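>
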Amino acid sequence: MTTLLALLTLVTSAVAQTATANFTGTGTISVWNSSDWTTATPASSLGCLSPKGKFIAPSSDAACGVFTRLDNYPYTLSTKEGNCTFSDETQERNTESIYGGTDHAWNCLEPYEANIYDDLYTIDGFPYVFLCSGDVDCYFDARLVPAPGSSDATSIWPFRWGSQQWGITPGHTMIQLVWNKMAAVQKRGDAVEPAGSRLSLEHGQAPALRGPKVLG
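Numbering (mature numbering (1 follows the signal peptide of the UniProt record, and there is no 0)) for the sequence shown: -16 to -1, 1 to 200.
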């Protein structure tokens, strides 16, 4: 973790960088097949997240969920279905993963009250607005990839790894979530400065950003 933090710099809201500045307001979330943020491109898109926070591959982008990010604490995401979280214990667990067996799938629901631990964030210096969770974990785990144009919906979890399982769970797909900001008509003075301190990649550095190794 020390090495990772050495490659990241905390910057204040006075420094507006592209990724964080774009992760505001409303948008959709694309799902990309990616295990390396430095080589990921829109060509690896597999679908998007639904209003319930599930991974779908619809025939029309109109089926993708429209997410709103709070511009103040706790900076969480919500859809018309409610607030989004990995803490909904009614959702299935990632039981096929050695280290993710206690993780619950992402879900957007009412009347759940979101807290700071539900926050997804991005990092300045990314070529796209990749979303991260927890302790600098910018990858996620999908058990299945929905068939294009189908009504299939599959769960996603945080990516977990350790000495017994260095990569994605066999049969699963490692994915990244990408924010697509929707254009908004703003009145003069309505612009909101990106909130709080955030992480920034140093020029030329490319840390893995896979989250901490799980012991055991």
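From the three backbone atoms N, C-alpha and C, an ideal C-beta is built for every residue, glycine too.
Treat the numbers as computed from the prediction; the structure is a model and nothing was measured.
Should Asp158 go down as buried or exposed, given a rule of 16 or more other Cβ atoms within 10 Å for buried?
For the purposes of this step, residue 158 is identified with residue 174 of the sequence shown, where counting begins at 1. According to the sequence shown, residue 158 is Met rather than Asp. Result: buried.
> Could you give the distance in angstroms between the alpha-carbon of Asn78 and the alpha-carbon of Thr60?
What you label residue 78 is simply residue 94 of the sequence shown in a count that begins at 1. What you label residue 60 is simply residue 76 of the sequence shown in a count that begins at 1. Going from the Cα of Asn78 to the Cα of Thr60 covers about 23 angstroms.
> Could you tell me which residues DSSP puts in a beta bridge with Asp87?
Sequence index remark: in the sequence shown, residue 87 carries index 103 (1-based). Paired residue(s): none; Asp87 is not in a bridge.
> Do Cys92 and Gly37 have their beta-carbon atoms positioned less than 8 angstroms apart in this structure?
Position 53 of the sequence shown, counting from 1, holds the residue named residue 37. Position 108 of the sequence shown, counting from 1, holds the residue named residue 92. Cβ distance < 8 angstroms, so Gly37 and Cys92 count as in contact.
> Below 8 angstroms between beta carbons: does that hold for Trp163 and Ala89?
Indexing the sequence shown from 1 puts residue 163 at position 179. Indexing the sequence shown from 1 puts residue 89 at position 105. Not closer than 8 angstroms, so no.
> Would you identify the three-state DSSP class for Ala126, choosing helix, strand or coil?
Counting from one through the sequence shown, the residue named residue 126 turns up at place 142. Ala126 falls in the strand class under three-state DSSP.
> Please return the same chain residues whose Cβ sits closer than 6 angstroms to the Cβ of Ala3, not counting the five positions on each side in sequence.
The residue labelled residue 3 in the question sits at position 19 within the sequence shown. Same-chain partners within the cutoff: Thr106, Asp108, Phe110 and Val113.
> Does the beta-carbon distance from Asp119 to Pro58 come in below 8 angstroms?
Along the sequence shown, one-based indexing puts residue 119 at 135. Along the sequence shown, one-based indexing puts residue 58 at 74. Taking 8 angstroms as the Cβ cut-off, Asp119 and Pro58 do not qualify as a contacting pair.
> Identify, in the order they occur along the chain, each residue of the same chain with its Cβ nearer than 6 angstroms to the Cβ of Gly84, setting aside the five sequence neighbours on each side.
Mapped onto the sequence shown, residue 84 falls at position 100. Here the set comprises Asn78, Trp141 and Arg144.
> Quick one: what's got a C-beta closer than 8 angstroms to Ser43's C-beta in the same chain, skipping five residues either side?
The residue you call residue 43 lines up with position 59 of the sequence shown. Cβ within range, chain order: Pro132 and Gly133.
> Give the DSSP-derived three-state secondary structure of Asp108 in the structure shown.
The count along the sequence shown starts at 1 and reaches residue 108 at position 124. Three-state result, Asp108: strand.
> State the start and end residues of the unbroken beta strand (DSSP E) segment that holds Val162.
Position 178 of the sequence shown, counted from the first residue, corresponds to residue 162. Element bounds for Val162: Thr157 to Lys165.
> So the beta strand (DSSP E) Thr63 belongs to, where does it begin and stop?
Here residue 63 is taken as the residue at index 79 of the sequence shown, counted from 1. That run of the beta strand (DSSP E) goes Leu61 to Thr63.
> Consult DSSP for Ser29 and reduce its assignment to one of helix, strand or coil.
Locating residue 29 in the sequence shown gives position 45, where the first residue counts as 1. The answer is strand: DSSP assigns Ser29 an E or B state.
> Could you spell out where the beta strand (DSSP E) holding Val15 opens and where it closes?
In the sequence shown, residue 15 corresponds to position 31, counting from 1. Val15 -> beta strand (DSSP E) spans Thr10 to Asn17.
> From Trp21 to Lys165, what does the alpha carbon distance come to, in whole angstroms?
Numbered from 1 along the sequence shown, position 37 holds the residue referred to as residue 21. Numbered from 1 along the sequence shown, position 181 holds the residue referred to as residue 165. Their backbone Cα atoms lie some 19 angstroms apart in a straight line.
> Just to confirm my understanding: we take Leu128, look at its own chain, exclude 5 residues before and 5 after, and list those with CB closer than 6 angstroms. What are they?
Residue 128 sits at position 144 when you count from the first residue of the sequence shown. Excluding sequence neighbours, Leu128 sits near Thr138.
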